[in-house]
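Have a look at the structure below, then the notes.
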Amino acid sequence: MIVLEWLFLTIAPCDAAEPWQLGFQDAATPMMQGIMDLHHDIFFFLILILVFVSRILVRALWHFHYKKNPIPQRIVHGTTIEILRTIFPSIILMFIAIPSFALLYSMDEVVVDPAITIKAIGHQWYRTYEYSDYNSSDEQSLTFDSYTIPEDDLELGQSRLLEVDNRVVVPAKTHLRIIVTPADVPHSWAVPSSGVKCDAVPGRLNQISISVQREGVYYGQCSEICGTNHAFMPIVVEAVPRKDYGSRVSNQLIPQTGEA
Amino acid sequence: MNFSAMLSQIELKTAPADFRFPTTNQTRHCFTRYIEFHRCVAAKGEESNECERFAKYYRSLCPGEWIERWEEQRENGSFPGPL
């Protein structure tokens with residue numbers, strides 16, 4: 001029963017960090033999928049090298065013994081082995097570098113025009129999100145603050161220090177542009193499931209383009225130490241079907257424009 | 001304004017990717033769009049509808065706080081850009 005409970009509680013959130021988690025969170029964007037694939041590719045070589053080097057090391061320690069081998073061989077030069085141990089590592093490095101650079105540059109590239117722009121503005125210690133694509137004047141029509149929910153107000157099933165009062169609603173399977181910037185000190189906007197960790201630097205606008213592939217709620221946290229409440233400004237992205245996005249946005253727009 | 005009218009207004013459209021600003025750093029993208037809008041207004045006059053798209057672009061890209069500050073600076077004549 002305890003095991004079941006533990007399994008259920010740890011697996012339930014899926015797109016949030018879980019206790020004692022060692023692996024990745026499930027990928028929600030092609031970018032995160034690419035990062036995970038690269039990680040596994042590199043781990044293949046990593047383990048290969050680990051086994052090989054450990055074997056040499058253990059073998060050397062085993063044989064370099066005053067009783068077993070009183071007069072060790074002293075080879076200081078060997079052309080064949082030197083050529084081999086130069087070329088072989090270079091080939092391994094190439095096999096690591098090529099997919100790594102391919103991923104790095106493809107993550108940076110904006111292939112198609114984004115459909116919406118969301119501004120994620122970090123404050124000490126909350127986040128403000130601006131949806132300004134639908135504005136017809138400089139007045140901000142859809143801007144909201146996103147605060148963490150205090151521990152005492154949590155409802156059953158909500159994650160401590162991860163839940164916020166106002167989530168960022170984005171359409172799924174749509175190209176998004178997220179502009180990350182702070183209003184005071186450096187912050188960071190990081191959502192592991194979407195493969196995003198973007199620093200927010202004062203006076204600078206950083207752009208990330210993502211496309212969330214499945215509907216869901218994705219959790220992230222501030223990843224740049226930004227003061228006392230650094231741990232209490234999480235990020236919650238809610239990806240909704242594209243057809244529902246319009247009504248979600250207009251629902252939030254109406255109370256503000258309706259008064260005017 | 002009723003609900004359905006509002007819903008039909010929501011069109012998934014934003015400032016396009018600009019080949020002048022291909023990197024992660026989009027600070028100049030926002031600033032340039034802001035300047036482009038005001039130059040456009042200066043050239044074509046307030047009534048012209050052609051400038052509206054630049055306004056949409058800079059509103060999409062720039063944080064509201066920045067726009068407010070620039071508006072203030074333009075009023076005071078201390079705006080740090082070619083207008």
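Residue numbers (full-length UniProt numbering), protein chains in the order written: chain A, 1 to 260; chain B, 1 to 83.
Even for Gly, the Cβ is constructed at its ideal location relative to N, Cα and C.
Quick caveat: nothing in here was measured; it's all calculated off a predicted structure.
Item	Value
Under 7 Å, do Pro-186 (chain A) and Glu-224 (chain A) count as touching if we go by C-beta distance?	yes
Taking only beta carbons into account, state which residues of the region 12-34 of chain B come closer than 8 Å to chain A, listed in chain order.	Leu-12, Lys-13, Thr-14, Ala-15, Pro-16, Ala-17, Pro-22, Thr-23, Thr-24, Asn-25, Gln-26, Thr-27, His-29, Cys-30
Taking beta-carbon pairs under 9 Å, can you tell me which members of the region 59-78 of chain B lie near chain A?	Arg-59, Ser-60, Leu-61, Cys-62, Pro-63, Gly-64, Glu-65, Trp-66, Ile-67, Glu-68, Glu-71
Is the Cβ-Cβ distance between Leu-205 (chain A) and Ile-116 (chain A) less than 7 Å?	no
To the nearest angstrom, report how far apart Ser-146 (chain A) and Glu-163 (chain A) are at their CA atoms.	10 Å
So Asn-206 (chain A) contacts chain B; which residues on that side make the cut at Cβ distance below 9 Å?	Thr-24, Asn-25, Gln-26, Thr-27
Which one of A:Gly-157, A:Leu-103, A:Glu-109 has the shortest CA to CA distance from Ile-35 (chain A)?	A:Leu-103
I need the straight-line Cα distance from residue 267 (chain A) to Asn-25 (chain B), nearest angstrom please.	Here chain A covers residues 1 to 260 and nothing more, so residue 267 (chain A) does not appear.
On the three-state DSSP scale, how would you describe Val-76 (chain A)?	coil
If you run the structure through DSSP and keep just helix, strand and coil, what is Ser-48 (chain B)?	coil
Taking 7 Å as the cut-off, decide whether the C-beta atoms of Ser-194 (chain A) and Ala-60 (chain A) are in contact.	no
Return the CA-CA distance between Ile-42 (chain A) and Glu-82 (chain A), expressed in angstroms with no decimal places.	25 Å
Smallest Cα separation from Arg-242 (chain A): which of A:Ile-91, A:Gly-227, A:Val-236, A:Arg-214?	A:Arg-214
Are the CB atoms of Glu-238 (chain A) and Val-169 (chain A) nearer to each other than 7 Å?	yes
Which residues share a DSSP beta bridge with Thr-143 (chain A)?	A:Glu-130
Under the three-state reduction of DSSP, which class applies to Cys-222 (chain A): helix, strand or coil?	coil
Closer than 6 Å by C-beta to Tyr-57 (chain B): which residues in its own chain qualify, once you throw out the five before and the five after it? Chain order, please.	Ala-15, Arg-33
Along the region 158-191 of chain A, where does the CB come closer than 8 Å to a CB of chain B? Name the residues.	Pro-171, Thr-174, Arg-177, Ile-179, Thr-181, Ala-183
How would you call Ser-211 (chain A), buried or exposed, if buried means at least 16 neighbouring beta carbons within 10 angstroms?	buried
Could you check if Arg-127 (chain A) is buried or exposed, using at least 16 other CB atoms within 10 Å of its CB as the buried criterion?	buried
Taking 7 Å as the CB-CB cut-off, is Ile-121 (chain A) touching chain B?	yes
Of the choices A:Tyr-105, A:Ile-87, A:Val-180, whose alpha-carbon is the least far from that of residue 294 (chain A)?	This structure gives no information on residue 294 (chain A), because the portion of chain A shown stretches from 1 to 260.
Return the chain-ordered list of same chain residues with a C-beta closer than 8 Å to the C-beta of Ala-190 (chain A), the five sequence neighbours on each side being excluded.	Val-196, Lys-197, Cys-198, Gly-220, Gln-221, Cys-222, Ser-223, Ile-235
Closest Cβ-Cβ distance between Ser-100 (chain A) and chain B: below 7 Å?	no
Would you grab the beta carbon distance between Asp-15 (chain A) and Tyr-218 (chain A) for me? Rounded to a whole angstrom, and I think it's under 8 Å.	5 Å
Give the DSSP-derived three-state secondary structure of Gly-216 (chain A) in the structure shown.	strand
Using a Cβ cut-off of 7 Å, which residues of the region 68-90 of chain A contact any Cβ in chain B, in chain order?	none
Taking DSSP as the reference, what is the three-state secondary structure of Glu-238 (chain A)?	strand
List the DSSP bridge partners of Leu-182 (chain A).	Checking the sequence, you will find Pro at residue 182 (chain A) rather than Leu. Answer is A:Gly-122, bridged to Pro-182 (chain A).
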